[in-house]
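Residue numbers (the working numbering): 319 to 468. Don't be surprised by glycine CBs; every beta carbon is placed ideally from N, CA and C. Bear in mind that the values here come from a model prediction, so they are computed numbers and not experimental data.
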Amino acid sequence: MKRALKAPRALTPALFSALLLLGCVCAPGRVDCDDQCVDVETNPLHCGGCGVRCLSGEVCYQAQCRSGLPVGAPCIDEDGCDDGQFCNGRETCVEGACRQGQSVDCSDPFECTVEICDESIKACLSVPDHQRCVRGQCREFEPGNATGCD
Numbered sequence: 319m320k321r322a323l324k325a326p327r328a329l330t331p332a333l334f335s336a337l338l339l340l341g342c343v344c345a346p347g348r349v350d351c352d353d354q355c356v357d358v359e360t361n362p363l364h365c366g367g368c369g370v371r372c373l374s375g376e377v378c379y380q381a382q383c384r385s386g387l388p389v390g391a392p393c394i395d396e397d398g399c400d401d402g403q404f405c406n407g408r409e410t411c412v413e414g415a416c417r418q419g420q421s422v423d424c425s426d427p428f429e430c431t432v433e434i435c436d437e438s439i440k441a442c443l444s445v446p447d448h449q450r451c452v453r454g455q456c457r458e459f460e461p462g463n464a465t466g467c468d
């Protein structure tokens with residue numbers, strides 16, 4: 319079984335390097351999991367410890383499974399950055415760092431509706447704003463455009 323070791327004073331850097339080459343120890347920052355040296359900070363099969371698996375679609379970042387990398391985290395491609403949330407937009411990987419997505423614009427042209435982003439159905443909804451409706455007509459009624467009042 320390999321062991322994660324720091325080079326102690328009695329172990330010269332040359333000897334430590336030789337042990338690494340022979341596969342006897344794991345490099346600093348790596349842990350022995352089933353005779354494999356892994357980085358438990360980023361490995362989704364050993365996230366935070368040996369055998370701790372992230373769910374499908376999750377990434378391992380700083381030893382925690384996440385639905386996407388946080389803004390500013392190092393990235394290689396778009397897939398690792400996206401948190402899977404619809405309303406906050408799709409996060410992107412720009413120049414090796416995750417960038418915040420642009421929130422979904424749910425605005426519509428109707429004055430008598432309130433627009434909301436519904437994460438549960440991953441869509442925008444327009445609901446009547448009854449405070450702006452009078453007898454089924456919008457107070458800011460534009461001819462031919464009474465949409466939004468019941």
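Start and end of the beta strand (DSSP E) containing residue i?
i: Cys351; result: 349–351
i: Asp436; result: 431–436
i: Cys442; result: 441–446
i: Arg356; result: First, the amino acid is wrong: residue 356 is Val here, not Arg. Residues 354–356.
Assuming residue i is part of the alpha helix (DSSP H), what are its boundary residues?
i: Cys368; result: No alpha helix (DSSP H) contains Cys368, which DSSP labels as neither H nor E.
i: Cys399; result: 396–399
Using the beta-carbon count (16 or more within 10 Å), is residue i buried or exposed?
i: Pro326; result: Unreliable positioning characterises Pro326 in this predicted model, as indicated by a pLDDT of 49, which lies under 50. The coordinate reading is nonetheless provided below. When all chains shown are included, Pro326 counts as exposed.
i: Pro461; result: Here Pro461 scores only 47 on pLDDT, less than 50, and its place in the model is too uncertain to base an answer on.
i: Lys440; result: exposed
i: Val343; result: buried
i: Val412; result: exposed
i: Val445; result: exposed
i: Phe428; result: buried
Name, in chain order, the residues that DSSP records as bridge partners for residue i.
i: Pro427; result: None, per the DSSP bridge assignment.
i: Thr410; result: Arg417
i: Cys378; result: Cys383
i: Pro392; result: Ala415
i: Cys405; result: DSSP lists no partner for Cys405.
Alpha carbons only, please: which of the options is nearest the one belonging to residue i?
i: Gln382; options: Gly390, Ile394, Asp395, Leu363; result: Leu363
i: Cys351; options: Thr360, Ala345, Asp357, Cys368; result: Cys368
i: Cys451; options: Arg417, Gln420, Thr431, Pro346; result: Thr431
i: Gly414; options: Leu387, His448, Glu437, Lys440; result: Leu387
i: Gly407; options: Glu437, Asp426, Glu433; result: Glu437
i: Glu409; options: Val356, Ala391, Val349; result: Ala391
i: Gly419; options: Ala345, Cys355, Val389; result: Val389
i: Ser374; options: Asp447, Asp401, Asp423, Cys411; result: Asp401
i: Val422; options: Ala345, Glu429, Leu443; result: Leu443
i: Gln403; options: Cys393, Arg384, Gln354; result: Arg384
Sorry if obvious, but does the Cβ on residue i come closer than 7 Å to a heavy atom of the ligand COA?
i: Gln420; result: As presented, the structure is devoid of all ligands, the ligand COA included, so that no description of it is given.
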